[in-house]
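All remarks here apply to the structure that follows.
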Amino acid sequence: MIAADRRTDPVFIHSSFRVASTWFWNRFRVIPETLSYFEIFNEALSDITRDQCLAYVFDRAALRHPITEPYFLEYHDLVKPGGGVRGFPDGNPAARFVPVNGALSDQEIAYLNGLIAHADDKGRRPVLSSTRSLARIGAIRRIWGNGHIFIYRNLLRHWVSYCRNSERGDDYFLKTIPHYALHNRHDIVFSSINAMCENLYKIHNGRGALLCDGDSFVVFLVYHFYMYLQAVHFCDMTISIDRLAGDESYRRAIEDAIRDQTGVAVDLSDAALPAAGPVLEAGSGPQLRTILETAKAMVAASVQQTPLATHLGFIDGLIEDCLSLA
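Residue 4 is where the sequence shown starts when you use the numbering used here, and the numbers rise one by one after that.
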């Protein structure tokens with residue numbers, strides 16, 4: 004339900020991949036008063052058809068996604084006759100991951116305005132989720148200033164999830180980091196990540212920039228530490244999926260905070276996480292701490308003269324969370 008005295012400002016859900024973001028989005032989707040868009044910057048939206056909107060599902064068993072209606076159903080009425088969601092920006096989506104000069108393009112602004120207006124026309128609250136918005140939260144917030152939610156999970160569990168999918172033959176998630184780094188070298192940290200990935204590609208004899216090894220884990224951490232500093236800086240709420248699943252008082256406090264911030268009464272009582280599983284060569288104990296601190300130092304050196312430096316304590320918390328599983 005949505006409180007009657009609340010405005011109709013959009014709600015944005017920002018996250019990385021494999022952090023229970025589909026489950027979290029679905030908890031908003033089941034509220035009839037919302038129109039909840041899945042993955043607003045997903046490249047599939049560039050040419051999706053109306054028939055695909057009615058049928059599109061991923062491998063739910065492999066990805067452990069909640070059973071739900073077709074993911075892109077909410078876009079159905081916005082699909083052009085020849086395919087593609089109306090207004091979805093032209094060109095390579097990866098090249099827009101980090102906004103040039105910190106601003107959204109005119110196409111991105113028009114596209115998001117179209118999604119919001121479509122929900123408004125239906126008399127429903129727009130909820131926009133994305134696993135591809137972490138580097139542009141600030142740019143989005145300059146236009147839509149409220150209602151930004153950031154969700155994350157323990158980064159060791161997160162890494163294990165990437166590697167488990169890779170072991171099953173799905174290395175999409177491991178490939179996203181070098182892919183975004185390659186196309187966003189105008190950002191100093193992404194330029195460094197790109198150099199690291201190019202070096203690892205050679206070390207791995209062309210098998211891939213990121214594999215499930217300690218060196219790749221460092222790159223994964225640098226990327227996520229940097230993205231998460233931006234998320235906690237720009238978002239109104241930061242939510243640990245792990246704590247939602249294991250701490251009832253925290254879950255209830257988050258439900259109350261979401262209601263207070265957005266007017267949306269969301270039920271998160273079915274929050275759950277699978278077991279963390281093996282560390283998969285990420286190391287343990289002192290070795291793991293060295294990897295984590297190395298990644299933090301690399302990011303800290305790049306942001307020390309920026310407002311993001313004020314949130315480095317958040318990275319310390321992420322590090323301790325990882326060590327708690329070692």
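Beta carbons are placed, not taken as given, at the ideal position from N, Cα and C, and that holds for glycine.
Remember, it's a predicted structure, so these values are computed and weren't measured experimentally.
Are residue i and residue j closer than 8 Å when you measure CB to CB?
i, j, result
"W28", "S19", "no"
"Y183", "A298", "no"
"R99", "H79", "no"
"F153", "I257", "no"
"V14", "R135", "no"
"F237", "H314", "no"
"Y155", "I16", "no"
"R21", "Y165", "yes"
"P73", "V60", "yes"
"I43", "L107", "no"
"F317", "Y253", "no"
"S132", "F75", "no"
"G209", "D174", "no"
"I261", "L213", "no"
"F228", "V130", "no"
Hey, how far is the Cα of residue i from the Cα of residue j?
i, j, result
"D50", "F176", "21 Å"
"W162", "T293", "16 Å"
"F91", "L328", "41 Å"
"L102", "N187", "Note on identity: in this sequence residue 102 is Pro, with Leu being the wrong assignment. Answer to the nearest angstrom: the Cα atoms are 9 Å apart."
"I34", "N45", "23 Å"
"L276", "L159", "13 Å"
"A274", "A248", "5 Å"
"A312", "E296", "15 Å"
"I112", "I206", "41 Å"
"L185", "N95", "12 Å"
"D239", "G148", "9 Å"
"R30", "T37", "10 Å"
"D218", "N202", "10 Å"
"I196", "L81", "36 Å"
"G126", "G288", "53 Å"
"V2", "A138", "Residue 2 lies beyond the range of the chain shown here (4 to 329); nothing can be said about it."
"I143", "P84", "29 Å"
"A198", "K178", "15 Å"
"C56", "N168", "25 Å"
"N116", "G141", "17 Å"
Is residue i close to the ligand HEM? I mean its beta-carbon at under 7 Å from any heavy atom of the ligand.
i, result
"A138", "The model on display carries no ligand, and the ligand HEM is accordingly not part of it."
Which residue marks the beginning of the alpha helix (DSSP H) containing residue i, and which one marks its end?
i, result
"I318", "315–326"
"I294", "288–306"
Taking the beta strand (DSSP E) that residue i belongs to, which residues open and close that run?
i, result
"I152", "151–155"
### Message
Count Cβ pairs between the region 223–243 and the region 308–323 that sit closer than 8 Å; are there 3 or more?
### Response
yes
### Inside the region 208–265 only - beta strand (DSSP E) runs reaching at least 3 residues
240–243
### Task
Scan the region 7–88 and note each continuous alpha helix (DSSP H) run of 4 residues or more that stays entirely inside, going in chain order.
24–32, 53–56, 63–66
#### Entry: Whole runs of the alpha helix (DSSP H) within the region 95–139, excluding any shorter than 4 residues
For secondary structure counted as the alpha helix (DSSP H) over 4 or more consecutive residues, the region 95–139 holds these complete runs in sequence order: 109–124.
### Task
Determine contact between the region 181–198 and the region 260–277, defined as no fewer than three beta-carbon pairs at a distance below 8 Å.
No, the region 181–198 is not in contact with the region 260–277.
### Task
With a floor of 4 residues, list each alpha helix (DSSP H) that falls wholly inside the region 162–204, ordered by position along the chain.
DSSP runs (the alpha helix (DSSP H)) wholly in the region 162–204: 175–185.
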